[in-house]
Structure formats: C-alpha cells, structure tokens
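What follows is a single structure, written as structure tokens, with notes after it.
Numbering (this note's numbering), first residue to last: 1 to 186.
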C-alpha cells in the first residue's frame with residue numbers, strides 16, 4: 001500500500017530535524033476551502049531555493065471539485081483558464097516537488113489544509129512524497145524545546161492587508177516569520 005500523505009506524524013526531535021539547519025517553507029493555493037477543493041499552485045522558499053508553479057486540474061477535479069469564485073477574484077487571482085494554459089500536470093508537479101525538496105522536513109502554515117492538498121496531488125500522480133510536512137506550530141514547539149524562546153506570536157507577524165495570496169510569496173512570508181518568532185536563550 002502506497003502512502004501519499006507527506007505529513008510528519010512522528011515526534012520532531014534533533015535526530016530528524018536540525019533546529020539550526022536550512023528552513024524550507026511551502027504554501028499551497030487551492031480552488032477553495034472545501035472537502036472538494038483541490039491544489040492549484042505550489043510555492044516554496046528557502047535561503048537557497050525558491051519557486052512556484054501552477055497545477056493543471058485533473059478532469060475529475062474540474063467536473064466534481066469545488067471552485068470558489070470569490071477566491072479567484074479576491075484571494076489568489078488565479079483562474080481555471082490560467083491553470084489550463086500555464087499549469088503543469090500532477091505527475092510533473094509531484095516529481096518536481098520531490099526533486100526540489102528532497103528528504104527535507106518542510107514547514108507550512110496550516111498543515112491540515114496544505115497536507116490534504118499535497119496528499120491529493122501525490123495520490124492523483126501516484127508518486128510517493130520524498131519530504132515530510134509539518135505545521136508552523138510544530139516548528140515553534142520544537143524550537144522552544146531546543147533552547148529558544150518565543151519573542152513574537154505568529155498572529156503578530158501575519159499581514160492580512162489587501163494583497164493577493166500567491167504560493168511563493170506566502171511561502172517567503174512564512175519563512176521570514178518563522179525566523180522572527182523565536183531566538184536562542186542566551
């Protein structure tokens with residue numbers, strides 16, 4: 001049985017995550033917040049690698065999936081037409097993510113959403129993810145257990161101004177916020 005879920009279900013510790021190592025963040029834009037939503041864009045950010053791509057929807061996603069017109073016009077600004085014209089297929093998307101992220105532990109903002117959409121992508125592509133996904137709260141908890149203290153809350157750093165949510169920009173913002181949120185205890 002193949003497991004397509006990239007979420008990390010173990011105990012994050014120093015043997016599987018380096019608190020001082022390279023931080024990679026990821027964000028997924030979706031067709032809408034619904035059990036029938038599907039991934040439409042993936043973006044990632046680290047100090048030495050950044051990128052994003054649109055995902056061409058599968059025919060059954062288009063036929064049976066949820067599309068939020070409000071999100072299209074007010075949140076991410078991505079249309080179905082844009083996805084069909086510029087998106088890459090799910091197999092190429094899954095392979096590209098595996099090649100880019102390797103066997104890293106990758107941080108997202110809401111693992112329940114991003115994990116579900118990535119699972120959907122990898123299952124449809126029939127590709128096993130090489131990386132593991134954790135939420136930002138897991139990273140904060142891990143850093144506190146390893147000699148850091150919280151200097152700002154995540155909500156203090158969130159910027160909800162009238163900006164478009166695009167995956168690469170959101171992954172970069174998450175990366176910057178994760179670096180600002182804790183500092184080592186002297």
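A virtual CB, placed ideally from N, CA and C, is assigned to each residue, including glycine.
None of these values were measured; they are calculated from a predicted model.
Local Cβ density within 10 Å of residue i, reported as buried at 16 or more and exposed below that
i, result
"residue 134", "buried"
"residue 104", "buried"
"residue 118", "buried"
"residue 182", "buried"
"residue 132", "buried"
Bridge-paired residues (DSSP) for residue i
i, result
"residue 132", "105"
"residue 184", "148"
"residue 169", "Partner(s): none; residue 169 has no beta bridge."
"residue 27", "43"
"residue 7", "133"
"residue 88", "55"
Presumed contact (8 Å Cβ cut-off) between residue i and residue j, rounded CB distance
i, j, result
"residue 30", "residue 21", "Not quite, the Cβ-Cβ distance comes to about 29 Å (not below 8 Å), so this is no contact."
"residue 167", "residue 41", "4 Å"
"residue 32", "residue 68", "3 Å"
Cutoff 6 Å; reference residue i; Cβ partners in own chain excluding five residues on either side
i, result
"residue 86", "54"
Sequence-distant residues of the same chain with beta carbon closer than 7 Å to residue i, five excluded per side
i, result
"residue 178", "23, 25, 107, 136, 139"
"residue 188", "Look at the range of the chain in this structure, 1 to 186, and you will see that residue 188 is not part of it."
Checklist entry - Which runs of the alpha helix (DSSP H) fall wholly inside the stretch 30 to 73 and span at least 4 residues, in chain order? => result 59 to 64
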